[in-house]
Amino acid sequence: MCNHFKNYYIYSTCSQPSSHIIRTSVDEPKEARCAESPHDRFIVVVGKCLLCNRH
């Protein structure tokens, strides 16, 4: 199993999670990766989206 991920952090209350990403990070394993990596992984964070609250 490949463990090479690009992490996208989003708020649980966000109405537009693909546009309102809090931050990103990359998990790069020391072992071999697959040819299709990095894989997208969305991590949901509890809290209010500040960008959604502006509208």
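In this note's numbering, each residue's number is its place in the sequence shown (first place is 1) plus 12.
Note that beta-carbon positions come from the ideal geometry of N, C-alpha and C, so glycine has one too.
In the three-state scheme derived from DSSP, where H, G and I count as helix and E and B as strand, N65 is classed as helix. Distance from V56 to I22 at the Cβ level is roughly 6 Å; contact confirmed, criterion being Cβ atoms closer than 8 Å. With fewer than 16 other beta carbons inside 10 angstroms of its own, C46 counts as exposed. Rounded to whole angstroms, P29 and C61 show a C-alpha spacing of 9 Å.
A distance of 7 Å or more separates the beta carbons of D39 and F54.
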